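Asker:
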Amino acid sequence: MSIKENINSVKQKIEQAALAVNRDPHEISIVAVSKNITPETIQEAAEAGIKIIGENRVQELLNKYDNIQNNLSWHMIGYLQTNKVKYIIDKVELIHSLDRISLAKEINKRAGRMGRKVQALVQVNVSREESKSGIFAEELPSFIDEMSNYPNIEIKGLMTIGPNTEDADVIRACFRGLKLLYDELKNKGIDYIDMKYLSMGMSNDYEIAIQEGSNMVRIGRAIFDY
Ligand SMILES: *Cc1c(COP(=O)(O)O)cnc(C)c1O
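Under numbering that gives the first Met the number 0, residues 0 to 225 are what the sequence shown spells out, in order.
In structure tokens, the structure reads:
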């Protein structure tokens, strides 16, 4: 299938998953994750309607950013080394992987130097798999408290990566857990955060994620066939 056909198929499945739980499919954004994908192919995805590109490596983001003329929005979705923040801070619209205070400190500092605020999601390791980054659910309240010290970061929501399993019930429980944390924070009405994005769901689990409330799915393989 072509990239365009892949994208249409993903959109159709998003629509079905959303409608099945009485949600408006239009409230769900697609982040196309382009690991090792060439600028030409990204261009093709853009022409087929993709508006947001997700990158998990700084160097790759920089290479592509300079080679793609399209009006795309760039999201950093992978582990972000503190010493690399300075290279991407003026290029990304949203960082999905804020997972530690030292990173918040650096983002806040660099954003301040630019005279701008930077939007970020807090990455939560709901599944508690050792291989995953992200703070644990029980650390979230104090982490959010701390964020009041970093006024150049706008916390816009939460992100998680689903557990590494085929068991749909386990995956669903993970996403449900993040949605609960998201709603709790939203209901607290904390003035310096704005719970707007719930980033969860990848190629093999985005339909479950949408049924559980995701409004931002990060899709690589199902679009680019890698
Ligand atoms: C690679 C990656 C994705 C996309 O994964 P696919 O299975 O290819 O859809 C999403 N989120 C993160 C953080 C990733 O690293």
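Backbone N, C-alpha and C fix where the C-beta goes; we use that ideal spot for every residue, glycine too.
No experiment lies behind these values; they were computed from the predicted model shown.
Output the distance between the C-alpha atoms of PRO24 and MET215, rounded to the nearest integer angstrom.
Answerer: Approximately 11 Å between the Cα atoms of the pair.
Asker: May I ask you to list the residues that DSSP assigns as paired with TYR196?
Answerer: Looking at the DSSP assignment, TYR196 forms a beta bridge with GLY156.
Asker: Is TYR64 a contact residue of ligand 1, with contact defined as CB to any heavy atom under 8 Å?
Answerer: For ligand 1, not one heavy atom lies less than 8 Å from the Cβ of TYR64.
Asker: Taking only three categories from DSSP, how would you classify GLN58?
Answerer: It is helical.
Asker: In terms of alpha-carbon separation, which member of GLY219, GLY48 and GLU138 lies closest to ASN70?
Answerer: Answer by Cα proximity: GLY48.
Asker: Can HIS95 be considered in contact with ligand 1, in the sense that its beta carbon sits closer than 8 Å to one or more heavy atoms?
Answerer: It does: the Cβ of HIS95 is within 8 Å (strictly closer) of some heavy atom of ligand 1.
Asker: CB LEU180 to CB VAL117, shorter than 9 Å?
Answerer: No, Cβ-Cβ distance for LEU180 and VAL117 is not below 9 Å.
Asker: Relative to the alpha-carbon of MET146, which residue among GLU105, PHE174 and VAL169 has its alpha-carbon at the smallest distance?
Answerer: Cα-wise, what sits closest to MET146 is GLU105.
Asker: Please identify the residue among LYS83, GLU129 and ILE41 whose C-alpha is closest to the C-alpha of LYS108.
Answerer: If we check each option's Cα against that of LYS108, LYS83 comes out closest.
Asker: Can you name the residues that DSSP bridges to ALA119?
Answerer: In the DSSP output, where bridge partners are listed per residue, ALA119 has ILE94 and ILE154.
Asker: Any idea which residues DSSP pairs GLY53 with across the strands?
Answerer: Looking at the DSSP assignment, GLY53 forms a beta bridge with VAL32 and HIS74.
Asker: Quick check: does the Cβ of ASN203 come within less than 8 Å of any heavy atom belonging to ligand 1?
Answerer: Flag set: Cβ of ASN203 near ligand 1.
Asker: Which one or two residues does DSSP pair with ARG217 in a beta bridge?
Answerer: Paired residue(s): VAL30.
Asker: DSSP three-state label for ILE88, please.
Answerer: Reduced to three states, the DSSP call for ILE88 is coil.
Asker: Is ASN21 buried or exposed, if buried means 16 or more other CB atoms sit within 10 Å of its CB?
Answerer: Looking at its Cβ environment, which holds fewer than 16 other Cβ atoms inside 10 Å, ASN21 is exposed.
Asker: Say the cut is 8 Å; is the CB of ALA221 nearer than that to a heavy atom of ligand 1?
Answerer: ALA221 Cβ: within cutoff of ligand 1.
Asker: DSSP three-state label for ILE67, please.
Answerer: In the structure shown, ILE67 sits in coil (DSSP, three-state: anything other than H, G, I, E or B).
Asker: Any heavy atom of ligand 1 closer than 8 Å to the CB of ARG217?
Answerer: Yes, since a heavy atom of ligand 1 falls inside the 8 Å radius drawn around the Cβ of ARG217.
Asker: Taking only heavy atoms of ligand 2 into account, decide whether any of them is closer than 8 Å to the Cβ of TYR196.
Answerer: As for ligand 2, it is missing from this structure, which binds only ligand 1.
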